[in-house]
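A.B. asks: Right, I'll just put the structure down here and ask away after.
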Amino acid sequence: MSIAVTCECGRPFSFEDKFAGQTITCPDCSREIVVPAAPPRTPQADPVFERDTFLIRQKIRLDEKYAVTDEAGTPLLFVVRPRHLLRNLGALFVGIIAGMAFAAACFMLVGNAKGTLANIMAVVGFTGFFTVTLTVGLALSTKRHTSFYRDESGGKPLLTILQDKKFQPIVATYTVRDAQGKVLAHLRKNYLYNFVRKRWYVDAPGGREICMAIEDSALLAFLRRFIGPLFGLLRTNFRILAAESDETIGMFNRKMTILDRYVLDLTADPDRTLDRRVALAVGVMLDTGERR
C-alpha cells in the first residue's frame, strides 16, 4: 500500500509501507518530512473476501457451477448459476404452440379474404408466429441469477448477481447484491462493442463508473473473433482498469486446462479500492456471461 505525502513546498511524494515512521529530506526545499503510517485497508464485509488472489474452477455439472479457492486450493466459496433448462425448454414449447395457434387463426381468415387483405393477413400470420412465440416464451421463462455460497450445501447466499431483464438484445445489465440485499454494483455489457473487443463496465449504485474489464489485447481480440481459441493458445484474458485513471488494478486470466479455470489477481490494487465481492462477481460473469 502506498503512502501519499505532500511537502510544505507543494511537492507530492508516494512512499512504500516500509518507509512509515522514517524521516525523509525533500530534495526541493530540504525540509524534513516524517512519513506517516499507512492508512488502514478498506475492510471487506466477510473474512472470506480478505485477499487479493482468487482461483476459480468450473465444476462438471448440468448447471454452471464454480469453486472459488485460495492459492493453496482451500475452498472459499461455491458459485451456482442455474440454467433452468427444463423450465425454459417448456416455456419455448408453449411459446411455439401459442405462435402456431395465432398463425393458424390468421391463415383461416386468409381463406375467406381476397386480394390485398389476404396478403396482409398472411404477412400478419407469419410475423405474428415469431412475435407470439418470443413474447410467450420470455414471459414463462426464468431469469438466470448467480449465487455465491459459503459451502456446497447452499443456504443463504453471501452474494447474488441478478439478471435484470429476460430479453436484453443489445445491452445486458446485472445487479450485484450482498447477503442483506444491499446493492453493491451494477454490471453491464454492450453486445455490439463485444464483437470488436469484449468489455464489461462496473457502476456504483449511484451510477458512477467504478472500473472496466476489457480483453487484454485488441490484436488478440481480433484473432479470437476470426480464428477462435486455437486449442487454448488464444484463450481470453481480461484486464480490470480503474475508471478514472485507466490504471490496471486486476487481471482475470484463463489457465490451460480442459475445464475452465481462472485466476483473479488483484495484487495491483493493494488499497482494495475495488470491493472484492464485486471483483468476484465480475470474474464469474466474464466466464458464464460470455459463454466461454
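For our numbering, add 159 to where a residue sits in the sequence shown, where the first one is 1.
Note that the Cβ used here is the ideal one computed from N, Cα and C, for glycine as well.
These numbers come from a predicted model, not from an experiment.
Would the stretch 430-447 count as touching the stretch 354-364 if we require 3 or more Cβ pairs under 8 Å?
C.D. replies: Output reads yes: the stretch 354-364 touches the stretch 430-447.
A.B. asks: If VAL282 and GLY258 are in contact, beta carbons under 8 Å, what's the gap, nearest whole angstrom?
C.D. replies: The Cβ separation is near 15 Å, so there is no contact.
A.B. asks: Pair every Cβ in the stretch 401-412 with every Cβ in the stretch 365-381, then say whether three or more of these pairs are closer than 8 Å.
C.D. replies: Result yes; three or more Cβ-Cβ pairs closer than 8 Å.
A.B. asks: Taking the alpha carbon of HIS243 as the point to measure from, which residue in SER300, LYS324, VAL355, TYR333 has its own alpha carbon closest?
C.D. replies: That would be SER300, whose Cα lies nearest to the Cα of HIS243.
A.B. asks: Where are the beta strand (DSSP E) runs, 3 residues long or more, that stay fully inside the stretch 320-362, in chain order?
C.D. replies: As far as the stretch 320-362 is concerned, its whole beta strand (DSSP E) runs of at least 3 residues are 330-337, 342-349, 358-362.
A.B. asks: Taking Cβ positions, are ILE408 and LEU425 nearer each other than 8 Å?
C.D. replies: Yes; because the gap between Cβ atoms is below 8 Å, this pair is in contact.
A.B. asks: DSSP state of ASN396, grouped into three classes?
C.D. replies: In the structure shown, ASN396 sits in coil (DSSP, three-state: anything other than H, G, I, E or B).
A.B. asks: Would you say the stretch 308-318 touches the stretch 259-268, given that touching needs at least three Cβ pairs under 8 Å?
C.D. replies: Not touching, per the Cβ criterion.
A.B. asks: Considering only DSSP beta bridges, list what ASN412 is partnered with.
C.D. replies: Note: ASN412 sits in a beta bridge opposite VAL422.
A.B. asks: Taking GLY296 and LEU251 to be in contact with their CB atoms under 8 Å, please state how far apart those CB atoms are, rounded to whole angstroms.
C.D. replies: So it is a contact: roughly 5 Å between Cβ atoms.
A.B. asks: Measuring alpha carbon to alpha carbon, tell me which of GLY249, GLU406, PRO316 ends up nearest THR432.
C.D. replies: Residue GLU406 is the option with its Cα nearest to THR432.
A.B. asks: Straight-line CA distance for PRO328 to SER173?
C.D. replies: Distance between the alpha carbons of PRO328 and SER173 is about 46 Å.
A.B. asks: Report the rounded CA-to-CA distance for LEU321 versus ASN353, giving the unit in angstroms.
C.D. replies: If I take the Cα positions, the gap works out to 21 Å.
A.B. asks: Could you spell out the range, first to last residue, of the alpha helix (DSSP H) harbouring ARG435?
C.D. replies: It spans 435-447 - the alpha helix (DSSP H) in which ARG435 sits, taken as one unbroken run.
A.B. asks: Is the beta carbon of MET410 sitting closer than 8 Å to the one on LEU346?
C.D. replies: No, these two residues do not count as a Cβ contact at 8 Å.
A.B. asks: Which of the three DSSP states, helix, strand or coil, is assigned to THR432?
C.D. replies: Three-state result, THR432: coil.
A.B. asks: Smallest Cα separation from ARG435: which of PHE208, ASP187, ALA196?
C.D. replies: Ranking the options by Cα distance to ARG435, first place goes to PHE208.
A.B. asks: Are the beta-carbon atoms of ARG356 and ALA372 separated by less than 8 Å?
C.D. replies: Contact: no.
A.B. asks: Can you tell me which of the three DSSP states LEU236 falls into?
C.D. replies: LEU236 falls in the strand class under three-state DSSP.
A.B. asks: Have a look at THR334, CYS166, PRO195 and flag the residue whose alpha-carbon is nearest the alpha-carbon of THR184.
C.D. replies: Comparing Cα-Cα distances from THR184 to each of THR334, CYS166, PRO195, the minimum goes to CYS166.
A.B. asks: What's the call for TYR225, buried or exposed, on a 16-neighbour Cβ count within 10 Å?
C.D. replies: Buried.
A.B. asks: Just curious, the beta strand (DSSP E) that PRO195 is in, first and last residue?
C.D. replies: No beta strand (DSSP E) holds PRO195; DSSP gives it neither H nor E.
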